[in-house]
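Chemist:
Residue numbers (full-length UniProt numbering), protein chains in the order written: chain A, 1 to 374; chain B, 1 to 522; chain C, 1 to 458.
1. Could you pull out every unbroken alpha helix (DSSP H) segment of at least 4 residues lying fully inside the segment 118-152 of chain C, listed in chain order?
2. Measuring only between beta-carbons, confirm whether residue 57/A sits less than 7 Å from chain C.
3. Per DSSP, which one or two residues make a beta bridge with residue 381/A?
4. By the 9 Å beta-carbon criterion, what residues does the segment 372-392 of chain B contribute toward chain A?
5. Residues of chain C with CB under 8 Å from residue 81/A, in chain order?
6. With a cut-off of 8 Å on the beta carbons, I'd call residue 269/C and residue 235/C a contact; round off their distance for me.
7. Around the Cβ of residue 24/A, are there at least 16 other Cβ atoms within 10 angstroms (buried) or fewer (exposed)?
8. Who are the neighbours of residue 294/B on chain A, taking C-beta pairs under 8 Å?
9. Shortest alpha-carbon distance to residue 24/C belongs to which of 115/C, 39/C, 261/C, 57/C?
10. Let me know if residue 176/B comes out buried or exposed under the rule of 16 or more other beta-carbons within 10 Å of its beta-carbon.
11. So residue 407/C and residue 436/C are supposed to be a Cβ contact under 8 Å. How far apart are they, rounded?
12. Can the beta-carbon of residue 351/C be found closer than 7 Å to that of residue 304/C?
13. Could you tell me the boundaries of the beta strand (DSSP E) in which residue 270/C lies?
14. May I have the straight-line CA-CA distance separating residue 163/C from residue 120/C, to the nearest angstrom?
15. For a test of the three-state rule: what should DSSP assign to residue 25/C, helix, strand or coil?
16. Could you round the C-beta distance between residue 360/C and residue 204/C to whole angstroms and report it? I think they count as a contact, below 8 Å.
17. I'd like to check one pair, residue 112/B with residue 180/B: are the Cβ atoms closer than 7 Å?
18. Pull the bridge partners of residue 307/A from the DSSP assignment, please.
19. Which one of 463/B, 451/B, 373/B, 455/B has the shortest CA to CA distance from residue 433/B?
20. Quick check on DSSP: helix, strand or coil for residue 51/C?
21. Report the residue from 19/A, 116/A, 38/A, 77/A whose alpha carbon sits nearest the alpha carbon of residue 54/A.
22. Can you name the start and end residues of the beta strand (DSSP E) that residue 131/A belongs to?
23. Which value, in whole angstroms, describes the spacing of the CA atoms of residue 20/C and residue 44/C?
24. Verify the CB distance criterion: does residue 239/C have a CB-CB separation below 7 Å to chain A?
25. Run down chain A in chain order and give the residues with a C-beta less than 8 Å from the C-beta of residue 35/C.
26. Count the other CB atoms, across all protein chains shown, that sit within 10 Å of the CB of residue 306/B; report buried if there are 16 or more and exposed otherwise.
27. Would you say residue 409/B lies against chain A (beta-carbon separation less than 7 Å)?
28. So what's residue 175/C in DSSP terms, helix, strand or just coil?
29. Going by beta carbon distance, what residues of the same chain come within less than 6 Å of residue 222/C, once the five residues before and after it are set aside?
30. Tell me the DSSP secondary structure of residue 444/C in three-state form.
31. Taking the beta carbon of residue 45/B as the centre, do at least 16 other beta carbons fall within 10 Å, making it buried, or is it exposed?
32. Tell me, please, whether the CB atom of residue 40/C is closer than 7 Å to any CB atom in chain A?
33. Run through chain C and tell me which residues come within less than 7 Å of residue 113/A, C-beta to C-beta.
34. Could you tell me the distance, in whole angstroms, from the CA atom of residue 432/C to the CA atom of residue 419/C?
35. Using a C-beta to C-beta distance shorter than 7 Å, which residues of chain A count as neighbours of residue 525/B?
36. Between which two residues does the beta strand (DSSP E) containing residue 211/B stretch?
Below you can see the structure in the form of structure tokens.
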């Protein structure tokens, strides 16, 4: 009789049932790939084929799984799949993948599962279009062009549309209203109103776009809010942005040692979906560099000074106590009260004269907030 | 209240912004509403009308389409509501990023009312939980404390601290177990809040958010003394009233916010309650009157370690394997951001700082695309949703078009147009396209909201090369100038540092004073 | 809901190793087995090993699973062994060679032409569209169901002899001297399943019967899995089919799984029932819903409203649905588009006595809940759900589980280890520590385990 408990049937929305959307962000910068190929003997076409096999493997997991591919090209971000819907209004139900002109090829080529085939054909076709529209001059002009922030933003908005019915990340919704929206989207949903899980894989050969720090960070936080892990497969040059992206969102960060074997890395490290990740320990980089670089001398710091207005980081109080970023006169006097550290790390360079000149003020004041003013 | 706009003087060339929005940015929502009313009244500055005199009937706006359906209007209204929430002041404004806030919850018998479901009490606590999470999400380097008003006393629920988990546990353990009882005492709670905030450093803000369910307060002394001392201590008070407006609350808010009562809101329903409460998660605008003194803070950027064997963390004395090591005293803490329990150094990650940047540089509002410009796009750029096609022009609506010229006029007028469209939902079915003024890319309403509320980037601007954006400069809509510096647009050209510098300089020039005149900081 | 469809696959799991080896010779089958019959974690393992040329040490696979997820891990391993997908040799795992090759072919598209169906190269003069196929499938399938509940109205025809034979063979119906063929208890529970599992149930019965008719089960399964990977609305050529499979087409046409304009036609169209064969459960609720499901995410096909006072309102005029409702509810009144009913203790007891379980009733009601009801969480009123379960349990004072008893262990330590292992792999039903006995539902792995322990101790 003790089998009767009502709790069981409250769980029928098991998260296990949700399918996964995989968004692949692929660097297509020809120059970067060419340079990379020299050092690693992994060419772009072969990398693309391996990625497509990876995408197929993802789709093979479940009928409802979806995959989208976004190109991070030299002149901006392009959707490779789903390709630009253009003018045709297709039935959204018959997958975003169908393309009328591909039917022809499909007739002849039936050795492939149709879902796989459609994705591949679409990606290859869009990629060919993309390359056809790229001039050699443009390639030479932008050796390191990368629109990481844009690609991430596009991926996230797409995920927001597919997985949350456009309602994700809604900070202040009316509960009742939200409910009905979720249901109009139909199908299974979990408590956050998502109809699918999602993950992003960034395959990158370009260095960090340093000028996109804020937008990239913004995208990372948005991904974090949506609980979308950002996996990173960094083929060349390690990167701080992407490391932080993977770390903050709980994704996997890998720098393959043998890029020729890309596929195996993809299959082992990046394929597991939301459910499998709960029970797997995935290979990822454990120690992430969180230290900040100061704005004035680009030194990497572990203790620094932060402007309270614009949050700029300095390695020493700026000249004249004026923040060089926001031109606000800063109250440096507040630092005077700083307690000297209880134990000075022996190797540490002197931070600042003001601190040094201060007599050790003992434990009591050291326990105060460092920026405290009285 | 319609005349409250006169309190403000807009920034020098802010004429391309809506009138009311230049006001206290902390309450963008309310001001939008105000401006709406101002438009509705025949003569601005005529006799003041009370809220209830101005009834808006939703059915007045409904227009039948050519085929007799109202689908177009319905979509329009839906999108207008969605967007209403979204439109906020996008001028980069100096905000108090480092905040200290005391959340005061009413736990008096008034909270047993069931006008909010399930009860005021339970809903408030639920929202309080969401508030804590959201607050720390938005303000990672800020601090919070929670106080309850219970049975005439102030009840301390959680101490000033920066760890959301602590507050959530405290709420669960202390607030949920309390039975709402007795009267509420504003004075006791405010005094306790003041004591909490008294010791906070000057560079941060000092705020109180008061949830007030009762209509009366039982105080031991003169509440006005408390109000004055709050003003003296530079504490800003926001109040969310659950029942009706209370005079003393209004006075309290006015006095602590330099005569601006927009921080006092009385809820209409559950959704509005949440909205008012969540509005307080946005960092407040720093007033010119130097509420807080900018200063330089010493902070540690610890690195994470993973140890082979578990060891005690110095913050909770728990056995943990991983943690962050304070760079000054090498104590191990398990949670960031925090203050090192041994040496008192503020420990944060650089990502925490980055999290606050979007408050400093908000994303520009996008403008609604009129049908005349809609032909350039067929689908949302970023989520690939197809847009409705231009059928309305082929089958124009014949019935009851109030101002057929309005839509046409607005396109030629440029920037002023979208504002008008927003005020009175357009009578044509909406194009459901929204365009960024810099990269001219068209997006759908959901992406618009998502970009403004979650990503804080324009996917279009980030995805187009500089030259492309430049080449599009002459397309519709015209770029908004001055004040609204969209970093996203400038982004690719400038390094972050100069970006910040540029933006902040501009912001200094166009800073908005709550008082009567515009001042330039120092 | 998923469990029902999964059950249909349990039948397949019992097949012999030789049959599996032959099954894996087709990429479509390898893919379908991978997709439908493996738990999530097992899929992950397979993918990790698929492009690895060397066998993987078991320990390294084990190392990447969280220690507290042991049960899932064991389940995954067990399933992989059971389906002969992995070969365990000297502490390493390797994928079955055929399976590996064929699954790779499926992913990379390196298979023979036509391994995922051979589309017709000529234009069909009498081309049919997807809507037609959906209608056709629904009509055919519903006619079978109508026949089972015994209302052959003007709208539905009597299904063909082959179908009747199959129903009789599967004991879904039985010959009754008085009233011809009548539905059995098994039939009732069949009715309450969702369409996808109904289709599978019927196809497995077909498989069963076919074996008696000396048709090659591997051929049949190949074809079924192939059907699952075809494209809706595309016509396929019969050229690439084996004679057995050609013979099957005729039967499948009767079920509404494929469409052929006439039996001599050399092309066939798979319907949604076919293309859904290897897809997830999400798809088809009822034949009528099949149509609505043409656009996924559109679940506006529920018709049942259940109130907390056990009243039920069904917006339907389909005799089939009414007949099904009549199985577990007391019908009160009928209007042109609405039936009101009441769930009572009697009605549920009656249903249970027919062999329908409470779970089936609840699943059915959940699956067909009205969109209005769907806004609630949980969808059905908990009181009603609980009460239905309680009513079922009233009659179940005792629960029988078939299984195996292990006793008389040599040492207590041994006993404890086996207990723990049995619990880990989820087969432990009952244990008595004092008497040193345990009861498990499956014994193969346990026996293996004990043997291994004995070996290593030696």
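Glycine included, each C-beta is placed from N, C-alpha and C at the ideal position.
Owing to the predicted nature of the structure, the values given are computational and were not obtained by experimental measurement.
Modeler: By the coordinates alone:
1. 130-149
2. Reading the first chain from its first residue, position 57 is the one you call residue 57/A. Closer than 7 Å to some Cβ of chain C, the Cβ of residue 57/A qualifies, so yes.
3. Chain A is shown only over 1 to 374; residue 381/A falls outside these bounds and no answer can be derived.
4. 378, 379, 380, 381, 382, 383, 384, 385, 386, 389
5. Sequence index remark: in the first chain, residue 81/A carries index 81 (1-based). None at all; the shortest Cβ gap to chain C is about 16 Å.
6. Here residue 269/C is taken as the residue at index 269 of the third chain, counted from 1. Here residue 235/C is taken as the residue at index 235 of the third chain, counted from 1. Contact flag correct, Cβ pair sits at about 5 Å.
7. Residue mapping note: residue 24/A aligns to position 24 of the first chain, counting from 1. Buried, because 16 or more other Cβ atoms sit within 10 Å of the Cβ of residue 24/A.
8. Along the second chain, one-based indexing puts residue 294/B at 294. Result: 307, 308, 309, 323, 328, 329, 330, 331.
9. On the third chain, residue 24/C is found 24 positions in, with the first residue counted as 1. It is 115/C whose Cα lies nearest to the Cα of residue 24/C.
10. The count along the second chain starts at 1 and reaches residue 176/B at position 176. By the neighbour-count rule (16 or more Cβ atoms within 10 Å), residue 176/B is not buried but exposed.
11. Here residue 407/C is taken as the residue at index 407 of the third chain, counted from 1. Here residue 436/C is taken as the residue at index 436 of the third chain, counted from 1. That belief holds up - the Cβ atoms of residue 407/C and residue 436/C are roughly 6 Å apart, short of 8 Å.
12. The residue given as residue 351/C occupies position 351 in the third chain. The residue given as residue 304/C occupies position 304 in the third chain. For residue 351/C and residue 304/C, no; Cβs fall outside 7 Å.
13. The sequence position of residue 270/C within the third chain is 270, counting from 1. Start and end: 267-270.
14. Sequence index remark: in the third chain, residue 163/C carries index 163 (1-based). Sequence index remark: in the third chain, residue 120/C carries index 120 (1-based). Rounded to the nearest angstrom, the two C-alpha atoms are 28 Å apart.
15. Residue 25/C sits at position 25 when you count from the first residue of the third chain. In this structure, residue 25/C counts as coil in the three-state DSSP scheme.
16. Your numbering for residue 360/C matches position 360 in the third chain. Your numbering for residue 204/C matches position 204 in the third chain. In fact, because the Cβ distance is near 18 Å, the residues do not count as touching under 8 Å.
17. Locating residue 180/B in the second chain gives position 180, where the first residue counts as 1. Locating residue 112/B in the second chain gives position 112, where the first residue counts as 1. A contact, by the Cβ cut-off of 7 Å.
18. Numbered from 1 along the first chain, position 307 holds the residue referred to as residue 307/A. BP columns for residue 307/A point to 296/B.
19. One-based indexing of the second chain puts residue 433/B at position 433. The candidate whose alpha carbon is nearest that of residue 433/B is 373/B.
20. By 1-based counting over the third chain, the position of residue 51/C is 51. Three-state DSSP puts residue 51/C in coil, outside helix and strand.
21. Along the first chain, read from residue 1 onward, the residue named residue 54/A stands at position 54. Comparing Cα-Cα distances from residue 54/A to each of 19/A, 116/A, 38/A, 77/A, the minimum goes to 116/A.
22. As a working mapping, residue 131/A is identified with position 131 in the first chain. No beta strand (DSSP E) contains residue 131/A, which is instead part of the alpha helix (DSSP H) from 114-132.
23. The count along the third chain starts at 1 and reaches residue 20/C at position 20. The count along the third chain starts at 1 and reaches residue 44/C at position 44. Straight-line Cα distance between these residues: approximately 21 Å.
24. In the third chain, residue 239/C corresponds to position 239, counting from 1. Chain A, which has no Cβ nearer than 7 Å to the Cβ of residue 239/C, makes this no.
25. On the third chain, residue 35/C is found 35 positions in, with the first residue counted as 1. 60, 61, 62, 63, listed in chain order.
26. As a first step, residue 306/B must be located in the second chain, where it is residue number 306. Result: exposed.
27. Translated into positions along the second chain, residue 409/B becomes position 409. Per-residue confidence for residue 409/B stands at a pLDDT of 39, beneath the threshold of 50, marking its modelled position as unreliable; the derived number appears in the next sentence. Residue 409/B does not count as touching chain A.
28. Residue mapping note: residue 175/C aligns to position 175 of the third chain, counting from 1. Strand at residue 175/C.
29. Working through the third chain from its first residue, we reach residue 222/C at position 222. Contacts found: 26, 29.
30. Walking along the third chain from the start, residue 444/C turns up at place 444. Of the three classes helix, strand and coil, the one that applies to residue 444/C here is helix, per DSSP.
31. Counted from its first residue, the second chain places residue 45/B at position 45. Residue placement at residue 45/B is flagged as unreliable, the pLDDT there being 49, under the threshold of 50; the coordinate-derived value follows with that caveat. Its Cβ having fewer than 16 others within 10 Å, residue 45/B is exposed.
32. The residue labelled residue 40/C in the question sits at position 40 within the third chain. So yes, residue 40/C belongs to the interface.
33. The residue given as residue 113/A occupies position 113 in the first chain. 31, 106, 116, 229, listed in chain order.
34. Translated into the one-based positions of the third chain, residue 432/C becomes position 432. Translated into the one-based positions of the third chain, residue 419/C becomes position 419. For residue 432/C and residue 419/C, the distance between alpha carbons rounds to 10 Å.
35. Here chain B has residues from 1 to 522 only, and residue 525/B is not among them.
36. Looking up residue 211/B in the second chain gives position 211. Its beta strand (DSSP E) spans residues 205-212.
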